[in-house]
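Quick note: the sequence shown uses my numbering, first residue 12, plus one each step.
Note that beta-carbon positions come from the ideal geometry of N, C-alpha and C, so glycine has one too.
Working notes, structure below.
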Amino acid sequence: MKILVTGGLGYIGSHTVVELQSAGFNVVIIDNLSNSKIEVLDKITQITGIKPGYFNFDLSNKTACEEFFSNNNNIDGIIHFAAYKAVGESVNKPLMYYRNNLESLMNIMDNMNIHNIANLVFSSSCTVYGQPDVLPVTEQAPRKQAESPYGNTKKMAEDIIQDTVYSSDLKAIALRYFNPVGAHPTALIGELPLGVPNNLMPFITQTAAGIREQLSVFGEDYDTADGTAIRDYIHVVDLAKAHIIAVKRLVEKNNKLDYEIFNIGTGNGYSVLEVVKSFERVTNTKLNYKIVGRREGDIEKVWANTDFANNELGWKAEKDIDEMTASAWKFQLALK
Ligand code: UD1
């Protein structure tokens with residue numbers, strides 16, 4: 012089985028390539044290195060003993076995309092990660108986000124139709140729920156007005172996929188990730204943010220490593236036990252494994268609907284301060300942090316109802332919050 016992984020050198024993509032190769036799939040990666048490093052290809056090879064195929068081009072380039080699919084046949088399924096993902100940047104450069112994230116998806120699906128590639132796994136996000144009215148949030152919860160152009164690209168991409176599936180032979184699974192954190196146990200691959208991290212976990216590990224002076228905890232006046240915002244953090248290796256199950260489900264034709272959506276989280280919510288405490292516990296250090304005002308656009312609390320993924324997909328997150336913080340720290344230390 013040959014699986015194309017777009018964005019396969021990125022954070023979630025690289026962990027998924029490792030799991031795919033370990034499960035016996037042939038993997039071809041397309042990644043234009045816009046937010047990843049070519050060294051990751053060697054790290055994947057080191058972990059699995061197999062060098063995946065690799066192509067460097069921009070998927071929003073229609074001609075390059077057509078050329079790739081004309082020259083590479085026998086692809087059984089596609090896992091599409093390649094996209095821009097910085098919320099703040101998307102507010103300042105909306106057209107760049109819409110163009111990159113949506114044109115690449117449409118180019119891929121055009122070629123799937125032309126070359127009879129039926130199976131697509133798409134990386135969506137719990138951002139489509141906004142602040143849910145009911146927690147834990149199920150896949151049936153209404154999707155809310157997106158808080159940012161980035162969030163809107165995920166919502167629009169879901170719609171584009173759904174419409175295309177209903178008009179063609181395409182089958183798709185959208186995985187709505189909650190908050191991916193942590194790193195591979197080898198510490199060879201992990202999250203490599205460029206510049207100042209926006210996300211909590213890399214900011215914590217960089218602060219502990221002395222790269223950042225202090226973590227700002229955004230808001231302590233939320234309606235939660237300790238006043239800080241709650242998220243459903245999920246270990247990136249658990250998340251990667253969900254992709255293997257999803258792509259197998261499509262390739263083996265075990266999907267019940269042509270377009271299916273699954274929440275991929277642990278089902279547990281942790282506050283910002285609980286994540287900090289876990290980090291301090293597993294590293295036996297004190298983290299330098301201060302409480303500041305809320306960050307604009309942040310929601311108060313969200314965690315997943317994972318019943319559908321657990322029962323229908325047969326997937327369940329296995330790693331707990333301490334394994335997430337510990338592996339993130341191990342990766343940070345290995346970068347030095
Ligand atoms: C964000 C995006 C989400 C996207 C995800 C990608 C927003 C509103 N949402 O999720 O759409 O899919 O990134 O990874 O931006 N925090 C601090 N201090 C920090 C950084 C974060 O206190 O320096 C807090 C945040 O306020 C939040 C929690 O930590 O409560 C998690 O933040 P983050 O890791 O940025 O993820 P999200 O905002 O949940």
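Whole-angstrom C-beta distance between residue j and residue i, which should lie under 8 Å
i: ILE23; j: ALA251; result: 7 Å
i: ALA194; j: PHE342; result: 4 Å
i: TYR244; j: ASN190; result: 5 Å
i: ASN82; j: HIS126; result: Between HIS126 and ASN82 the Cβ distance is about 11 Å, and since that is not below 8 Å, they are no contact.
i: ILE215; j: VAL148; result: Contact doesn't hold; Cβ gap of about 25 Å is too wide.
i: ILE55; j: ILE222; result: In fact, because the Cβ distance is near 25 Å, the residues do not count as touching under 8 Å.
i: ILE49; j: VAL29; result: Wrong, their Cβ atoms sit about 16 Å apart, outside the cutoff.
i: ARG187; j: SER115; result: Going by Cβ atoms, the distance from ARG187 to SER115 rounds to 19 Å, so no, they are not a contact pair.
i: ASN130; j: ILE89; result: 7 Å
i: HIS26; j: VAL248; result: 6 Å
i: LEU261; j: ILE171; result: Not a contact, Cβ separation roughly 18 Å.
i: ALA337; j: VAL293; result: 4 Å
i: SER159; j: SER101; result: 5 Å
Distance cut-off 6 Å: residue i Cβ against heavy atoms of the ligand UD1
i: PHE229; result: yes
i: THR164; result: no
i: ASP180; result: no
i: PHE214; result: yes
i: VAL283; result: yes
i: GLY308; result: yes
i: SER136; result: yes
i: ARG242; result: yes
i: LEU70; result: no
i: LEU211; result: yes
i: VAL38; result: no
i: ASN190; result: yes
i: VAL303; result: no
i: VAL98; result: yes
Three-state secondary structure (DSSP) of residue i
i: LEU20; result: coil
i: LYS297; result: coil
i: PRO208; result: coil
i: LYS327; result: coil
i: ARG306; result: coil
i: LYS155; result: coil
i: ILE200; result: coil
i: ILE348; result: The chain is shown only over 12 to 347; residue 348 falls outside these bounds and no answer can be derived.
i: ASN118; result: helix
i: SER282; result: strand
i: LYS104; result: coil
i: VAL287; result: helix
i: LEU346; result: helix
i: ALA315; result: strand
i: LEU15; result: strand
i: VAL148; result: strand
Proximity test, residue i beta-carbon vs the ligand SAM heavy atom, cut-off 6 Å
i: GLY88; result: The ligand SAM is not part of the structure shown, which contains the ligand UD1 as its ligands.
Within the region 26-97, note down every full beta strand (DSSP E) run reaching 3 residues or more, in order along the chain.
Counting only unbroken stretches of 3 or more residues, the beta strand (DSSP E) elements lying wholly within the region 26-97 are 37-41, 64-66, 88-91, in sequence order.
Can you list the beta strand (DSSP E) stretches of 3 or more residues lying completely in the region 223-278, in chain order?
Complete beta strand (DSSP E) runs here, min 3: 226-229, 244-246, 270-275.
What are the uninterrupted segments assigned as beta strand (DSSP E) that are 3 or more residues long and contained completely in the region 158-202, given in chain order?
Qualifying beta strand (DSSP E) stretches, in chain order: 182-188, 190-192.
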